[in-house]
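K.L.:
Sharing a structure here in structure tokens format.
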Amino acid sequence: MTQVLMNDWCENYFIPNIRIRNIRIRLVYLMTQKLSYLSCCCSAHTLLKVLVKDNVSVLLFPPNCTSIIQPMDIEIMRALKCKYKVAFLISMLNFLNNGKTIHEFLKYFSIKSALRSITRS
């Protein structure tokens, strides 16, 4: 997500919707310290100014806490990687069983092939 898109979302959607609903409690906007949603650190300062200006508190999560907050992400990615590796190796073995070399397989295996393997996984 780019700085422009994130700022646009905050200014034109997030904050106006809060005002429309007359939410009087103090709001907290949670972000990771890496600010992975933004393109660079300087763009984060722009977003923080927008949020603080509108009385929205910004709390930063400590680094490396994603596994604690979202443990399912790790398990899903681990399972996907395992299934993708199996699909990749099966494709390679099928290619090698037809009398072709690994170099020919690597030339044949493209991003499209990888995406097909992922969708099958």
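The opening residue of the sequence shown carries number 1 in full-length UniProt numbering; numbering runs sequentially from there. Built from N, CA and C at the ideal position, the CB exists for glycine as well.
Below 8 Å between beta carbons: does that hold for LEU96 and PHE88?
P.N.:
As a working note, residue 96 is residue 96 in the sequence shown. As a working note, residue 88 is residue 88 in the sequence shown. Cβ distance not < 8 Å, so LEU96 and PHE88 don't count as in contact.
K.L.:
What would DSSP say about PHE14, mapped onto helix, strand or coil?
P.N.:
Walking along the sequence shown from the start, residue 14 turns up at place 14. Looking at PHE14 - three-state DSSP - the assignment turns out to be helix.
K.L.:
In whole angstroms, what separates the C-alpha of TYR84 from that of THR119?
P.N.:
Along the sequence shown, read from residue 1 onward, the residue named residue 84 stands at position 84. Along the sequence shown, read from residue 1 onward, the residue named residue 119 stands at position 119. In this structure, the straight-line span from the alpha carbon of TYR84 to that of THR119 is close to 9 Å.
K.L.:
Go to LYS81, then tell me how far its alpha helix (DSSP H) extends in each direction, as first and last residue.
P.N.:
As a position in the sequence shown, residue 81 is number 81, starting the count at 1. From DSSP, the alpha helix (DSSP H) with LYS81 extends over 71–97.
K.L.:
Could you compute how far the alpha carbon of ASN94 sits from the alpha carbon of VAL4?
P.N.:
Numbered from its first residue, the sequence shown carries residue 94 at position 94. Numbered from its first residue, the sequence shown carries residue 4 at position 4. ASN94 and VAL4: Cα-Cα distance of roughly 47 Å.
K.L.:
Applying the 10 Å Cβ sphere with the 16-neighbour rule, what's the burial state of ILE15?
P.N.:
As a working note, residue 15 is residue 15 in the sequence shown. ILE15 counts as buried, since no fewer than 16 other beta carbons sit within 10 angstroms of its beta carbon.
K.L.:
Hey, SER67 and ILE76: beta-carbon distance below 8 Å or not?
P.N.:
As a working mapping, residue 67 is identified with position 67 in the sequence shown. As a working mapping, residue 76 is identified with position 76 in the sequence shown. No; because the gap between Cβ atoms is not below 8 Å, this pair is not in contact.
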